[in-house]
Amino acid sequence: MSLESMYQEIILEHYKSPQGKGLREPFAVEVHHVNPTCGDEITLRVHTAADGTIDLSYDGQGCSISQASASVMFELVQGKSVDDGFALEAEFLELMQSKGEKSGDEDVLGDAVAFAGVSKFPARVKCALLGWMAMKDAVSQNIGVGNGR
Amino acid sequence: MSLESMYQEIILEHYKSPQGKGLREPFAVEVHHVNPTCGDEITLRVHTAADGTIDLSYDGQGCSISQASASVMFELVQGKSVDDGFALEAEFLELMQSKGEKSGDEDVLGDAVAFAGVSKFPARVKCALLGWMAMKDAVSQNIGVGNGR
Amino acid sequence: MLDVARIREDFPILSRKVHGDVPLVYLDSAATSQKPLSVIEAESNFYLNANAAIHRGAHALAEIATEHYESSRAAIAHFIGARPNEVVFVKNATEALNLIAYGFSNATAKFRNGSQLLAGEERFVLKPGDEIVLTEMEHHANLVPWQEVVLKTGAVLKFIPTTDDGRLVVDNLADIITERTKVVSVVHQSNLLGTLNPVQLIGAQAKAVGAWFILDACQSVPHMSVDVTTLGADFVAFSGHKMCGPTGIGVLWGSSEALDALPVFLTGGSMIETVYFDHSTYAKAPAKFEAGTPMSAQIVGLAAAVKYLSDLGMDAIAEHEHRLTAAALSALQQIDGVRIVGPTEALNRGSAISFVVDSLHPHDVGHVLDSRGVAVRVGHHCAWPTCRRMNVPATTRASFYLYNDESEIEHLVSGILAAQKFFGVA
Amino acid sequence: MLDVARIREDFPILSRKVHGDVPLVYLDSAATSQKPLSVIEAESNFYLNANAAIHRGAHALAEIATEHYESSRAAIAHFIGARPNEVVFVKNATEALNLIAYGFSNATAKFRNGSQLLAGEERFVLKPGDEIVLTEMEHHANLVPWQEVVLKTGAVLKFIPTTDDGRLVVDNLADIITERTKVVSVVHQSNLLGTLNPVQLIGAQAKAVGAWFILDACQSVPHMSVDVTTLGADFVAFSGHKMCGPTGIGVLWGSSEALDALPVFLTGGSMIETVYFDHSTYAKAPAKFEAGTPMSAQIVGLAAAVKYLSDLGMDAIAEHEHRLTAAALSALQQIDGVRIVGPTEALNRGSAISFVVDSLHPHDVGHVLDSRGVAVRVGHHCAWPTCRRMNVPATTRASFYLYNDESEIEHLVSGILAAQKFFGVA
Ligand SMILES: Cc1ncc(COP(=O)(O)O)c(C=O)c1O
Ligand SMILES: Cc1ncc(COP(=O)(O)O)c(C=O)c1O
Chain A
19 MSLESMYQEI
29 ILEHYKSPQG
39 KGLREPFAVE
49 VHHVNPTCGD
59 EITLRVHTAA
69 DGTIDLSYDG
79 QGCSISQASA
89 SVMFELVQGK
99 SVDDGFALEA
109 EFLELMQSKG
119 EKSGDEDVLG
129 DAVAFAGVSK
139 FPARVKCALL
149 GWMAMKDAVS
159 QNIGVGNGR
Chain B
19 MSLESMYQEI
29 ILEHYKSPQG
39 KGLREPFAVE
49 VHHVNPTCGD
59 EITLRVHTAA
69 DGTIDLSYDG
79 QGCSISQASA
89 SVMFELVQGK
99 SVDDGFALEA
109 EFLELMQSKG
119 EKSGDEDVLG
129 DAVAFAGVSK
139 FPARVKCALL
149 GWMAMKDAVS
159 QNIGVGNGR
Chain C
183 MLDVARIRED
193 FPILSRKVHG
203 DVPLVYLDSA
213 ATSQKPLSVI
223 EAESNFYLNA
233 NAAIHRGAHA
243 LAEIATEHYE
253 SSRAAIAHFI
263 GARPNEVVFV
273 KNATEALNLI
283 AYGFSNATAK
293 FRNGSQLLAG
303 EERFVLKPGD
313 EIVLTEMEHH
323 ANLVPWQEVV
333 LKTGAVLKFI
343 PTTDDGRLVV
353 DNLADIITER
363 TKVVSVVHQS
373 NLLGTLNPVQ
383 LIGAQAKAVG
393 AWFILDACQS
403 VPHMSVDVTT
413 LGADFVAFSG
423 HKMCGPTGIG
433 VLWGSSEALD
443 ALPVFLTGGS
453 MIETVYFDHS
463 TYAKAPAKFE
473 AGTPMSAQIV
483 GLAAAVKYLS
493 DLGMDAIAEH
503 EHRLTAAALS
513 ALQQIDGVRI
523 VGPTEALNRG
533 SAISFVVDSL
543 HPHDVGHVLD
553 SRGVAVRVGH
563 HCAWPTCRRM
573 NVPATTRASF
583 YLYNDESEIE
593 HLVSGILAAQ
603 KFFGVA
Chain D
183 MLDVARIRED
193 FPILSRKVHG
203 DVPLVYLDSA
213 ATSQKPLSVI
223 EAESNFYLNA
233 NAAIHRGAHA
243 LAEIATEHYE
253 SSRAAIAHFI
263 GARPNEVVFV
273 KNATEALNLI
283 AYGFSNATAK
293 FRNGSQLLAG
303 EERFVLKPGD
313 EIVLTEMEHH
323 ANLVPWQEVV
333 LKTGAVLKFI
343 PTTDDGRLVV
353 DNLADIITER
363 TKVVSVVHQS
373 NLLGTLNPVQ
383 LIGAQAKAVG
393 AWFILDACQS
403 VPHMSVDVTT
413 LGADFVAFSG
423 HKMCGPTGIG
433 VLWGSSEALD
443 ALPVFLTGGS
453 MIETVYFDHS
463 TYAKAPAKFE
473 AGTPMSAQIV
483 GLAAAVKYLS
493 DLGMDAIAEH
503 EHRLTAAALS
513 ALQQIDGVRI
523 VGPTEALNRG
533 SAISFVVDSL
543 HPHDVGHVLD
553 SRGVAVRVGH
563 HCAWPTCRRM
573 NVPATTRASF
583 YLYNDESEIE
593 HLVSGILAAQ
603 KFFGVA
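Chains as they are written, first to last, in the working numbering: chain A, 19 to 167; chain B, 19 to 167; chain C, 183 to 608; chain D, 183 to 608.
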């Protein structure tokens with residue numbers, strides 16, 4: 019397993035220039051998620067607009083995978099409907115749980131398919147999921163379907 | 019290891035006809051000892067006379083070894099001085115901890131040397147010591163040297 | 183039908199001699215079972231190829247170890263019909279039962295100290311006079327922890343009584359398990375009497391009054407097919423070493439709901455979510471109950487054990503033991519002066535058979551048997567109050583497992599006859 | 183001088199490859215050590231020849247097993263300068279530390295409930311405002327259990343602070359450990375920073391105010407000669423798996439006086455003196471703390487481990503590690519952008535070396551190292567508050583043991599350089 023196949027160029031780019039990073043107002047719900055095994059953290063705010071689209075902001079610290087994945091998640095989910103956001107999360111989760119068996123549908127997941135290689139490293143899967151889980155939790159709370167965690 | 023070498027004839031005789039069994043009055047101290055692994059029990063009373071000799075009575079239930087040993091202990095210790103009683107106990111304890119290496123001094127221990135074979139069976143050593151430990155505890159309490167257990 | 187001769191080849195220790203040259207007849211599996219080669223090798227292989235700290239490493243070996251660990255959890259869960267995240271690893275059943283008992287005393291202590299309880303913990307707070315119902319045939323492991331809870335909370339113990347032939351009296355359960363009852367904790371199959379208890383019945387009454395229902399399944403899971411989800415229990419405890427697994431590993435099963443609500447027990451590494459100097463938050467079950475470096479090799483060994491048992495088939499094992507039990511019960515009862523302590527018929531009973539021999543103390547019976555290579559256990563079998571209830575100071579217990587056969591019953595019987603002869607009581 | 187090449191032959195796993203064909207460089211022994219063949223074989227041989235329930239049987243095999251068990255206890259006690267009956271077996275150090283912490287919360291709960299305390303237990307009762315002193319460099323295992331004690335008793339935590347280079351500030355101990363202090367519990371050698379703490383000094387102050395003094399010796403006993411009786415401690419805890427022993431076994435040492443007074447923790451079989459339905463009395467230490475069927479095979483394995491270590495000599499092992507540590511510290515500090523978290527000199531420090539690499543997250547450093555076969559640990563190393571205190575979110579940690587050699591430091595260094603190159607930060 020070469021380093022390059024896990025750390026695809028696109029991941030390193032997102033890591034160096036994360037999209038949408040920085041907390042913003044207004045927000046309806048703020049969540050704080052951590053990866054207890056390594057201490058990576060994300061704070062994520064959400065505000066679901068009147069038209070049902072998701073407005074996100076986030077900040078965090080952690081490894082290249084967790085930071086790049088949060089950035090990609092932001093790009094994909096920001097401005098989408100709740101249903102679309104959740105569908106993306108489900109699709110990404112499935113990719114991450116595939117133990118390297120799946121490569122992901124680029125039409126749906128866009129840059130997120132670059133994380134396919136991560137799914138071979140169980141210890142890093144949690145990193146890749148951190149931002150997504152925070153998003154799902156926050157949006158769920160915002161639309162009142164309970165604590166998604 | 020033959021059964022006969024552990025259960026010497028003399029042990030079986032004491033088991034069938036225990037000496038001095040049955041609780042008597044008056045007494046200064048009563049102790050109750052158990053073997054927690056098998057539930058064997060002995061209740062032992064002691065009354066150290068003005069001349070410093072030990073007056074014992076006891077009752078109990080348990081296996082042939084524990085009952086015969088209590089009977090032999092009674093024969094040896096009853097009416098002896100505290101010092102002599104403790105010396106006998108020390109001598110018997112040494113024999114029991116010898117793992118079959120010692121045969122015991124018959125001039126000192128009398129019938130108790132019959133228990134030499136028991137010392138090869140760690141699980142049974144506690145049986146053989148039950149009565150002796152109760153005696154030591156009770157006499158110690160009686161003469162005020164604290165709880166001997 | 184089990185091919186016992188074949189099976190015995192998997193257990194080299196069964197071919198060993200004792201006291202010089204006497205062949206071993208091992209009838210003490212209710213205390214601890216022997217281990218097949220596949221289990222011994224699974225542990226060794228883990229150390230030789232995969233050992234690393236699990237769940238923590240970012241390196242290949244740590245991932246291999248974690249994969250062994252979690253796939254073992256899945257296999258063990260599957261064996262008892264459970265989901266992996268409902269299986270908590272402990273060192274033995276005793277720890278499992280204490281873990282639950284501490285749930286109650288911890289919640290109560292926090293409550294009384296005015297500390298904030300976590301969601302669900304209030305369901306474990308005991309008030310003075312609250313009742314804990316056990317049976318008169320509990321192992322010390324399911325009795326003493328509750329006595330300790332009583333000392334810490336002021337709760338009260340009650341007991342479902344036992345008949346003279348070692349069955350539970352269950353016709354007036356509603357009088358014993360009442361609105362005051364907060365906990366019902368019961369042995370599934372008695373290690374002293376052999377009795378298989380009607381746990382669904384007891385569980386139904388526990389649920390009817392809203393009490394927690396706990397099963398000590400130490401003597402059932404090794405010997406019969408057990409699906410924990412069908413027993414009506416919130417928690418089920420058992421030990422690996424009695425089911426062909428290694429020493430040092432036990433299992434606490436809990437429903438997700440129960441495990442989520444239960445307060446933490448051992449705390450430290452691996453069971454946390456976040457830690458600050460002044461407070462911490464905790465992971466979800468099962469991690470929240472698995473503080474510290476786990477018994478990884480033993481967990482892998484236990485997974486090998488459940489594979490071994492499953493390959494033979496738990497129903498085939500149960501049937502085999504049932505046949506041996508029936509034969510042993512009848513052979514023992516044909517000996518003059520021998521009395522069974524516990525049910526005298528093989529119906530609803532396991533293969534642990536306690537008995538007393540008139541005028542002979544169990545220690546002496548056991549000693550004569552041992553001199554002939556027959557390994558049984560003597561004493562109160564960690565159920566001392568039950569011995570008193572049955573009016574015996576102690577018993578001799580023979581117990582059978584998948585590797586025992588009829589010829590060993592004959593050795594047992596001739597050993598008892600020899601003991602009677604030796605001590606001149608027959 | 184250790185003959186590392188010879189030693190490595192005893193650890194077959196060290197010759198394995200990872201990720202296909204990359205040789206393993208195992209620098210994660212502070213998390214868990216590898217096991218020599220003699221330890222693996224001791225466990226297997228126990229199962230193959232001696233396995234039976236200990237302390238209970240009246241049969242030959244049970245006596246053989248008990249003999250293994252108790253002679254192992256004697257060997258392990260001897261290794262730390264202790265008497266056998268001062269050695270309590272637990273599953274890991276986390277359990278040992280919890281066992282002590284529960285001594286306090288149990289005594290307090292019984293006292294508050296108005297239950298009678300046993301002799302000595304009153305010394306473990308905590309009142310609101312009583313103080314528990316820890317350090318700013320505790321492993322979660324010696325922090326979270328005390329947080330739980332606080333929630334149950336109203337006691338208060340205080341911390342001996344750490345300097346920026348990872349030493350304890352001990353010049354004003356008398357201001358921290360005062361008459362209000364009931365417990366002082368301190369890590370002997372930090373698993374995150376590597377610091378070897380001046381425990382005699384701290385212990386003297388603890389004794390001066392009459393507080394209990396507890397040592398977490400998880401990272402010292404495996405790496406240097408430790409005589410528990412010279413440390414001034416009442417209790418010392420450590421784990422077998424970090425010292426070439428099996429998983430699933432740990433040790434709590436306590437002075438006889440301390441163990442006699444400490445309330446029981448896990449209750450059930452084997453730790454009792456008498457049991458009735460309504461109350462029980464307990465055995466003396468160590469039995470009183472060893473409820474249930476013990477981890478017999480693991481205890482035998484740990485005895486083989488201490489024999490292995492003793493044969494090499496703990497002083498020789500310490501000297502070997504000291505040399506590696508000094509070399510690694512200097513090599514790491516020569517890399518631009520690498521900063522040691524903890525003491526930068528090998529004086530009074532162990533072989534666990536934490537570091538951060540500028541602009542690189544430890545997870546990424548660890549991943550690159552792993553791709554080159556170098557196994558290190560990344561994260562907060564179960565000392566999360568200590569990471570915050572040191573102003574790092576996490577670290578990369580390399581740790582050395584008796585089977586490591588200089589060439590492995592080179593692999594570590596070249597791996598770090600490769601990570602910097604890969605991520606374009608150097
Ligand atoms: C300093 C220290 N204390 C406590 C522990 C906990 O030990 P274990 O996980 O074996 O219970 C460890 C190891 O993880 C440690 O390094
Ligand atoms: C019915 C029952 N419960 C509990 C236990 C305790 O199991 P362990 O000693 O493995 O903790 C045993 C076995 O000793 C048992 O037979």
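Beta carbons: idealized from backbone N, C-alpha and C, even for Gly.
I want to verify the contact list: residues of chain C whose CB lies under 7 Å from the CB of Gln602 of chain D, in sequence order. By Cβ distance, chain C contributes nothing, its closest Cβ being about 17 Å from Gln602 of chain D, past 7 Å.
request  = Within its chain, find whatever has a CB closer than 8 Å to the CB of Glu588 of chain D; leave out the 5 residues flanking it on each side and keep chain order.
outcome  = Leu506, Ala509
(Q) For a cutoff of 8 Å on Cβ pairs, would you count Gln387 of chain C as touching chain D? (A) no
query: Since Trp328 of chain C sits in a beta bridge, which residues does DSSP pair it with?
result: Bridge partners of Trp328 of chain C: none, in fact.
Closer than 7 Å: Ala247 of chain C CB and nearest ligand 1 heavy atom: no
Q: Scan the segment 245-261 of chain C for residues whose Cβ lies nearer than 8 Å to a Cβ of chain A and list them as they occur along the chain.
A: Taking 8 Å as the Cβ-Cβ cut-off against chain A, the residues of the segment 245-261 of chain C that qualify are Glu245, Thr248, Glu249.
Review point. Hey, quick one: how far does the beta strand (DSSP E) through Arg63 of chain A stretch, first residue to last?
Key: 59-66
**OP:** Go ahead and label Gly164 of chain A buried or exposed: buried means 16 or more other beta carbons lie within 10 angstroms of its beta carbon, across all protein chains shown.
**Re:** Because the pLDDT at Gly164 of chain A is just 45, under 50, the model does not fix this residue reliably, and the value given afterwards should be weighed accordingly. By the neighbour-count rule (16 or more Cβ atoms within 10 Å), Gly164 of chain A is not buried but exposed.
Close beta carbons around Lys603 of chain D, own chain, < 8 Å, minus the five adjacent residues each side: Short of 8 Å from the beta carbon of Lys603 of chain D, and not among the five residues preceding or following it, lies no beta carbon of its own chain.
query = Using the beta-carbon count (16 or more within 10 Å), is Asn573 of chain C buried or exposed?
reply = exposed
(Q) Rounding to the nearest angstrom, what Cα-Cα distance links Gln37 of chain B and Ile60 of chain B in this structure? (A) 14 Å
query: Got a sec: which bits of the segment 39-62 of chain A sit with their beta carbon under 7 Å from any beta carbon on chain C, in order along the chain?
result: Cβ contacts with chain C come from Val52, Pro54, Thr55.
* Could you give the distance in angstroms between the alpha-carbon of Ile83 of chain B and the alpha-carbon of Asp58 of chain B? -> About 10 Å.
Given the structure, does Ser367 of chain C come close to ligand 2, in the sense that its CB is under 7 Å from one of the ligand's heavy atoms? no
query: Using DSSP with H/G/I as helix, E/B as strand and the rest coil, what is Gly149 of chain A?
result: helix
Give me the Cα-Cα distance between Tyr208 of chain D and Lys424 of chain D, rounded to the nearest whole angstrom. 13 Å
Worksheet entry | Interfacial residues, the segment 75-90 of chain B to chain C, with Cβ spacing under 9 Å | Gln79, Gly80, Cys81, Ser82, Ile83, Ser84, Gln85
Is the closest heavy atom of ligand 1 to the C-beta of Cys400 of chain D under 7 Å? yes
- Query: Is Gln79 of chain A helix, strand or coil by DSSP?
  - Reply: strand
Which word fits Glu191 of chain C, buried or exposed, when buried means at least 16 other C-beta atoms lie within 10 angstroms of its C-beta? exposed
**Request:** Report the residue from A:Ala130, A:Gln159, A:Leu41, A:Gly78 whose alpha carbon sits nearest the alpha carbon of Ile29 of chain A.
**Result:** A:Ala130
Checklist entry - What are the uninterrupted segments assigned as alpha helix (DSSP H) that are 4 or more residues long and contained completely in the segment 312-390 of chain D, given in chain order? => result 326-335, 355-358, 381-390
Assign Tyr119 of chain A to one of three DSSP states: helix, strand, or coil. The residue asked about is misnamed: residue 119 of chain A is Glu in this sequence, not Tyr. Coil, per DSSP.
Contact check, Trp394 of chain C vs Val365 of chain C, beta carbons under 8 Å: yes
inquiry  = Helix, strand or coil for Asp210 of chain D? Go by DSSP, reduced to three states.
reply    = In the structure shown, Asp210 of chain D falls within a strand segment according to DSSP collapsed to helix, strand and coil.
Helix, strand or coil for Val408 of chain D? Go by DSSP, reduced to three states. coil
- Any beta-carbon of chain C closer than 8 Å to the one on Phe341 of chain D? Phe341 of chain D counts as touching chain C.
Any heavy atom of ligand 1 within a distance shorter than 7 Å of the CB on Thr568 of chain D? Answer for Thr568 of chain D: no, Cβ out of range of ligand 1.
Next item on the list: Would you tell me roughly how many angstroms separate the C-alpha atoms of His461 of chain C and Pro310 of chain C, rounded to the nearest one?
Entry: 29 Å
- prompt: Whose C-beta lies closer than 6 Å to the C-beta of Gly166 of chain A among residues of the same chain, with five residues either side of it excluded?
  reply: Confidence in Gly166 of chain A is poor, its pLDDT being 36 and thus under 50, which makes the residue's placement unreliable; the coordinate value appears in the next sentence. Hits under 6 Å: Lys154, Asp155, Ser158.
Going by DSSP in three states, Pro567 of chain C sits in which element: helix, strand or coil? helix
Just to confirm the assignment, what range does the alpha helix (DSSP H) spanning Ala242 of chain D have? 242-261
> So what's Tyr229 of chain C in DSSP terms, helix, strand or just coil?
Replying inline: helix
Item to check | Residue interval of the alpha helix (DSSP H) (run including Tyr490 of chain C) | outcome: 478-494
With 8 Å as the limit, tell me which residues of the segment 450-461 of chain C have their beta carbon closer than that to any beta carbon of chain A; keep them in chain order. Residues of the segment 450-461 of chain C with a Cβ closer than 8 Å to any Cβ of chain A, in chain order: Ile454, Glu455, Thr456.
- Item | Whole-number beta carbon distance between Asn373 of chain C and His563 of chain C, since they are thought to touch under 8 Å | 6 Å
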